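The listed protein sequences correspond, in order, to chains A and B.
For the first sequence, our numbering assigns the number 1 to the initial residue and increments by one for each residue that follows.
For the second sequence, our numbering assigns the number 1 to the initial residue and increments by one for each residue that follows.
Positions of the beta carbon are idealized from the N, C-alpha and C atoms, including for glycine.
Owing to the predicted nature of the structure, the values given are computational and were not obtained by experimental measurement.
Here the structure comes first, spelled out in structure tokens, and everything after it is commentary.
There are 2 protein chains.
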Amino acid sequence: MSSQKPKVVISERTIGRLSLYRRLLNDLQAQGERNIYSHELAAMIGGTAAQIRRDLMAVGYSGSPTHGYDIRELVLSIGNFLDAPHMQGVALVGVGNLGRAIMAFFSGRRPRLAIAAAFDNDPYKINRVIHGCRCYGIEDLSRIVQEQGLEVGILCVPSQAAQDVAERLVRAGIRGILNFAPIPLRVPANVYVEDIDMTMSLEKVAYFGRQHANKEGLK
Amino acid sequence: MSSQKPKVVISERTIGRLSLYRRLLNDLQAQGERNIYSHELAAMIGGTAAQIRRDLMAVGYSGSPTHGYDIRELVLSIGNFLDAPHMQGVALVGVGNLGRAIMAFFSGRRPRLAIAAAFDNDPYKINRVIHGCRCYGIEDLSRIVQEQGLEVGILCVPSQAAQDVAERLVRAGIRGILNFAPIPLRVPANVYVEDIDMTMSLEKVAYFGRQHANKEGLK
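The following block contains the structure:
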């Protein structure tokens with residue numbers, strides 16, 4: 001029942017699953033559920049009970065064999081493990097169509113992990129407040145990141161600008177970047193990058209979905 | 001120089017890279033570029049020239065050793081290979097914060113692959129036009145998908161509703177789903193699913209970025 005952080009190295013997949021468990025458990029809690037067994041959680045995500053137990057042992061939480069996990073305590077334990085003890089501010093760069101969509105999506109979702117400042121080089125956007133977040137010029141990036149102690153970057157600029165902006169983020173001290181620009185970033189080994197390419201994903205779905213439909217003679 | 005479709009099976013990664021090449025080539029064309037060598041394209045994406053040539057041979061296009069690839073022709077060849085000969089309509093389900101952000105992002109981007117109808121169970125959203133797209137009740141999903149010949153689904157509903165909506169999409173004849181709900185879908189083998197979990201990605205970036213910063217003593 002302790003929530004001490006163990007010293008083991010946790011894989012990317014485990015961190016991803018912990019993030020997922022927490023959201024599913026939050027949903028269950030909102031529906032009035034209080035307890036859950038590892039096999040029930042496993043059924044929700046299509047995994048095994050053994051994997052769930054292993055993942056949750058990594059956060060230092062173990063349930064009771066008779067009542068399963070206490071959902072409220074488990075959510076807190078995962079939070080203690082996943083979240084920073086302080087608020088982690090996020091810098092979003094590129095306030096175009098995609099950037100604004102992402103600001104709208106994350107707006108107000110995670111109090112401890114919120115977009116605190118946005119950056120663009122369009123003078124019409126600078127100093128505007130968009131989805132509750134002030135927009136600055138790109139030349140102020142380093143200063144604002146340091147003044148506000150921002151720790152995470154979200155990159156929504158066109159591909160031609162992505163590498164330059166990534167280097168500015170790294171120079172400013174940012175070590176984690178969520179990259180929506182459709183180009184691989186070259187960053188030092190001490191910077192963690194996660195790529196999301198929504199257009200590529202939609203084009204893959206359209207292509208392979210069409211292949212399946214053709215095979216069935218649906219189209 | 002032909003753009004005949006070869007009969008080989010193309011991997012998911014190749015389709016993803018073709019989608020990426022096309023966008024990079026479109027950007028170059030917009031900047032006035034006319035030709036590109038495989039090694040130049042390789043440098044842009046951090047790959048090898050041999051891989052670029054192999055990928056582009058799959059679409060039935062080969063460049064000239066002296067001038068490289070003609071960018072305009074290459075964009076057309078990739079389009080002939082990736083895109084449906086007809087327009088592929090997309091059905092988006094779940095017009096919440098995330099769904100609206102995704103509608104805003106894809107609005108007007110791909111004439112051959114556009115969100116044609118949105119679905120929600122909130123009576124205040126039904127019959128509204130959001131980002132140029134009409135919103136219908138979820139009970140009309142099957143009828144609209146069939147009437148409009150929609151081929152691709154985008155799932156933006158809460159996790160509890162995702163499996164049910166996925167099954168409705170499959171019953172309506174959809175064989176490709178882009179799933180933003182943070183839960184794995186159970187679908188028949190003839191349905192292609194691609195998952196995007198933006199919250200999970202941001203939480204991973206925050207976690208691993210923090211680990212790196214801690215190691216460096218930045219925080």
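Problem - Complete alpha helix (DSSP H) runs within the stretch 49 to 91 of chain A (minimum length 4 residues, chain order) - result: Counting whole runs of 4 or more residues, the stretch 49 to 91 of chain A contains the alpha helix (DSSP H) stretches 49 to 58, 71 to 82.
Practice task
Compare the C-alpha of L202/B against each of P184/A, V9/A, D195/A, L41/A and name the closest.
Solution key: Comparing C-alpha distances from L202/B to each of P184/A, V9/A, D195/A, L41/A shows the shortest one belongs to D195/A.
Handout entry: Rounded straight-line distance, which links the Cα of R186/A to that of A104/B
Key = Going from the Cα of A104/B to the Cα of R186/A covers about 29 Å.
Exercise for the section: Check each candidate in L113/A, S142/A, G209/A, V157/A and name the one with the smallest Cα separation from N179/A. Expected result: Nearest Cα to N179/A within the set L113/A, S142/A, G209/A, V157/A: V157/A.
Practice task
Answer with yes or no whether the minimum CB distance from N190/A to chain B is below 7 Å.
Solution key: At least one chain B Cβ lies under 7 Å of N190/A.
Problem - Cα-Cα separation, L20/A to L150/A - result: Pairing L20/A with L150/A, the inter-Cα distance amounts to about 24 Å.
Handout entry: Proximity test, Cβ basis, 7 Å: R143/A and chain B
Key = R143/A does not count as touching chain B.
Practice task
Check whether the stretch 48 to 62 of chain A touches the stretch 103 to 122 of chain A, counting contact only when three or more Cβ pairs, one atom from each stretch, lie closer than 8 Å.
Solution key: For the pair of segments examined, the stretch 48 to 62 of chain A was found not to touch the stretch 103 to 122 of chain A: the number of CB pairs separated by less than 8 Å stays below three.
Problem - Coil, strand or helix - A228/A by DSSP - result: The first residue shown for chain A is 1 and the last is 219, placing residue 228/A beyond what the model contains.
Practice task
Name, please, each residue of chain A whose Cβ falls closer than 7 Å to the Cβ of I78/B.
Solution key: Within 7 Å Cβ-Cβ: nothing; I78/B doesn't reach chain A, min ~10 Å.
Problem - Boundaries (first-last residue) of the alpha helix (DSSP H) holding A30/B - result: Judged by DSSP secondary structure, A30/B falls within the alpha helix (DSSP H) whose first and last residues are 12 to 30.
Practice task
List the residues of chain A whose Cβ lies closer than 7 Å to the Cβ of Q160/B, in chain order.
Solution key: Near Q160/B (Cβ distances below 7 Å), the residues of chain A are D27.
Exercise for the section: Could you check which residue in R34/B, Q88/B, M44/B, N97/B has the C-alpha nearest to that of H67/B? Expected result: Minimum Cα distance to H67/B is reached at R34/B.
Exercise for the section: Note down, in chain order, all residues in the stretch 192 to 203 of chain A with a beta-carbon under 8 Å from any beta-carbon belonging to chain B. Expected result: Under the 8 Å Cβ criterion, the stretch 192 to 203 of chain A contributes Y192, V193, E194, I196, D197, M198, T199, M200, S201, L202, E203.
Exercise for the section: Could you list which residues in chain A have their beta carbon closer than 8 Å to that of I102/B, in chain order? Expected result: Listed along the chain, the chain A residues whose CB falls inside 8 Å of the CB of I102/B are A101, M198.
Problem - Start-to-end residues for the alpha helix (DSSP H) that takes in R100/B - result: Its alpha helix (DSSP H) spans residues 97 to 106.
Exercise for the section: Locate the alpha helix (DSSP H) running through R143/A, then write down its first and last residues. Expected result: Annotation for R143/A: the continuous alpha helix (DSSP H) segment containing it runs 141 to 148.
Exercise for the section: Can you give me, in chain order, the residues of the stretch 43 to 63 of chain A that have a beta carbon less than 8 Å from any beta carbon in chain B? Expected result: Answer set for the stretch 43 to 63 of chain A: M44, I45, G46.
Handout entry: R210/B to V193/A span [Cα, whole Å]
Key = R210/B and V193/A have their alpha carbons spaced roughly 12 Å apart.
Handout entry: From G217/A, N214/A, R134/A, Y207/A, residue whose alpha carbon lies closest to that of R17/B
Key = If we check each option's Cα against that of R17/B, Y207/A comes out closest.
Practice task
Taking only beta-carbon positions, decide if P182/B is within less than 7 Å of chain A.
Solution key: At a cut-off of 7 Å, the C-beta of P182/B has a neighbouring C-beta in chain A.
Problem - Pair within 7 Å by beta-carbon distance, V145/A and A118/A - result: Cβ atoms of V145/A and A118/A: not closer than 7 Å.
Exercise for the section: Decide if the stretch 118 to 138 of chain A is in contact with the stretch 79 to 95 of chain A; the criterion is three or more beta carbon pairs, one per stretch, under 8 Å apart. Expected result: Contact between the stretch 118 to 138 of chain A and the stretch 79 to 95 of chain A is present, because at least three Cβ pairs lie under 8 Å.
Practice task
Leaving aside the five residues before and after C172/A along the sequence, list all residues of the same chain whose C-beta is less than 7 Å from its C-beta, in chain order.
Solution key: Inspection of the sequence shows that residue 172/A is occupied by Ala rather than by Cys. Taken in chain order, the residues that qualify are L141, S142, V145, Q146.
Handout entry: Beta-bridge pairing of L178/A - partner residues as DSSP gives them
Key = I154/A, E194/A, per the DSSP bridge assignment.
Exercise for the section: Would you kindly report the start and end of the unbroken beta strand (DSSP E) that includes I115/B? Expected result: First-last of the beta strand (DSSP E) with I115/B: 113 to 120.
Handout entry: chain B residues whose Cβ lies nearer than 8 Å to that of I15/A
Key = E203, K204, Y207, F208, listed in chain order.
Practice task
With DSSP as the reference, label V187/B as helix, strand or coil.
Solution key: Residue state, collapsed to three classes: coil.
Handout entry: N- and C-terminal bounds of the beta strand (DSSP E) containing Y136/B
Key = Unbroken beta strand (DSSP E) run through Y136/B: 133 to 137.
Practice task
Can you have a look at A166/A and say buried or exposed, based on whether 16 or more other CB atoms are within 10 angstroms of its CB?
Solution key: Result: buried.
Handout entry: Beta-bridge pairing of N35/A - partner residues as DSSP gives them
Key = Paired residues: D70/A.
Handout entry: Simplified DSSP state of V9/B, which is helix, strand or coil
Key = In the three-state reduction of the DSSP assignment, V9/B falls in the coil class.
Problem - Spatial distance of A30/B from Y69/B (CA atoms) - result: The straight-line gap from Cα to Cα measures roughly 16 Å.
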